[in-house]
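Residue numbers (our numbering): 18 to 317. C-beta atoms are modelled at their ideal positions from N, C-alpha and C, and glycine is treated no differently. Everything on this sheet refers to the single structure shown next.
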């Protein structure tokens, strides 16, 4: 068999990357699907985009993503192959380490062809050293769903002090159902998990003054609601309730407030996500008119 060549792209080789046949069964990227345009914008860069070639034909490819201006890739969100072993070897060879996010259709397990594509990619990543962390729902609200009425139970206030927000993150992370939070708390502690999420929220390209803390009419802190944007869409960046106020459905109130805030800033669609295992949050999204449009499997 001809020797496999694994290397990053050189500038101007975008068509080499896109020469691999695309079956179109599984979401190709986390945020978009036009590789050439995203590369032009600086979201994919040659040194972060790798191919495996046999006889000058691409048999596996992987692209790591970040927003323009970032110094390190944020996620591996494009990985596929026609040669399983080549895909494994590519991931082992490329000197890049970031979470692998694989988007899929809803109920992907019910379609044998899609299920095979998903499990094969996950198996290749696992053989390369990744492990599955969590499967997540991806929601998308549009005006056709209707703007949910504010319940009126809470008072929302801006909070300009990052140290205050950091302390709230520490409180809401106690007993969190979020797999990423639980992983960071387990490995690095509560302070690190809070700092990580604050840094992610500040990284997003949206005004900081959209953020709100939520209180009871008596002044007790209930949680935080952080509407934001990613590179492409308005997003529900983060919502969470402090432990002592869980069980009262307040996640719905926080979600509705974020939705109103984003619509007030001109949003004509809003995307959001939560872990499949976070049943209370998933129910809140359904109640607020956010249908599931994709699933996402995260491997670390």
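Task: DSSP-derived helix/strand/coil call for residue 147 - done: Taking the chain shown and counting its residues from 1, the one referred to as residue 147 is at position 130. In this structure, residue 147 counts as coil in the three-state DSSP scheme.
Open item on the list: I'd like to check one pair, residue 21 with residue 103: are the Cβ atoms closer than 8 Å?
Closed with: By 1-based counting over the chain shown, the position of residue 103 is 86. By 1-based counting over the chain shown, the position of residue 21 is 4. In this structure, residue 21 lies closer than 8 Å to residue 103 by Cβ.
Task: Neighbour-count burial assignment, residue 136, 16 or more Cβ in a 10 Å radius - done: For the purposes of this step, residue 136 is taken as the residue at position 119 of the chain shown. Burial call: exposed.
Task: Where residue 43 sits in the DSSP three-state scheme - done: Your numbering for residue 43 matches position 26 in the chain shown. Coil.
TODO: Starting from the Cα of residue 198, find the closest Cα among 210, 205, 187 and give me that residue.
DONE: As a first step, residue 198 must be located in the chain shown, where it is residue number 181. Measuring from the Cα of residue 198, the nearest candidate turns out to be 210.
Open item on the list: Which complete alpha helix (DSSP H) runs does the stretch 146-203 hold, if anything under 4 residues is left out?
Closed with: Here the runs fully enclosed are 179-190.
Open item on the list: When you compare the stretch 90-99 with the stretch 289-308, are there three or more beta-carbon pairs, one atom per stretch, that lie closer than 8 Å?
Closed with: Segments in contact, no.
Task: Coarse secondary structure for residue 19, derived from DSSP in three states - done: Working through the chain shown from its first residue, we reach residue 19 at position 2. Reduced to three states, the DSSP call for residue 19 is coil.
Task: CB contact flag (residue 68, residue 101, <8 Å) - done: If you number the chain shown from 1, residue 68 lands on position 51. If you number the chain shown from 1, residue 101 lands on position 84. Cβ atoms of residue 68 and residue 101: not closer than 8 Å.
Open item on the list: For a test of the three-state rule: what should DSSP assign to residue 227, helix, strand or coil?
Closed with: By one-based count along the chain shown, residue 227 stands at place 210. Looking at residue 227 - three-state DSSP - the assignment turns out to be helix.
Task: residue 219 classed as buried or exposed, judged by whether at least 16 other C-beta atoms fall within 10 angstroms - done: Walking along the chain shown from the start, residue 219 turns up at place 202. Result: exposed.
Open item on the list: Given this structure, state the Cα-to-Cα distance separating residue 166 from residue 275, to the nearest angstrom.
Closed with: Within the chain shown, residue 166 is the residue found at index 149, counting from 1. Within the chain shown, residue 275 is the residue found at index 258, counting from 1. For residue 166 and residue 275, the gap between their C-alpha atoms comes out near 12 Å.
Task: Nearest-angstrom beta carbon gap, residue 182 and residue 228 [assumed within contact, 8 Å] - done: Counting from 1 along the chain shown, the entry for residue 228 is found at position 211. Counting from 1 along the chain shown, the entry for residue 182 is found at position 165. Contact flag correct, Cβ pair sits at about 7 Å.
- [ ] Determine the DSSP secondary structure at residue 309, reduced to helix, strand or coil.
- [x] To locate residue 309, count along the chain shown from 1; it is residue 292. It is a strand residue.
Task: Which of helix, strand or coil DSSP assigns to residue 128 - done: As a working mapping, residue 128 is identified with position 111 in the chain shown. Residue 128: coil per DSSP, three-state reduction.
Open item on the list: Taking its Cβ as the centre, do 16 or more other Cβ atoms sit within 10 Å of residue 72, making it buried, or is it exposed?
Closed with: Along the chain shown, one-based indexing puts residue 72 at 55. Counting Cβ neighbours within 10 Å, residue 72 comes out exposed, since fewer than 16 surround it.
Open item on the list: For residue 191, count the other beta carbons within 10 Å of its own beta carbon; 16 or more makes it buried, fewer makes it exposed. Which is it?
Closed with: Stepping through the chain shown from its first residue, residue 191 is reached at position 174. Answer is exposed; the Cβ neighbour count stays below 16.
Open item on the list: Rounded to whole angstroms, what is the Cα-Cα separation between residue 185 and residue 30?
Closed with: On the chain shown, residue 185 is found 168 positions in, with the first residue counted as 1. On the chain shown, residue 30 is found 13 positions in, with the first residue counted as 1. Their Cα atoms are separated by approximately 46 Å.
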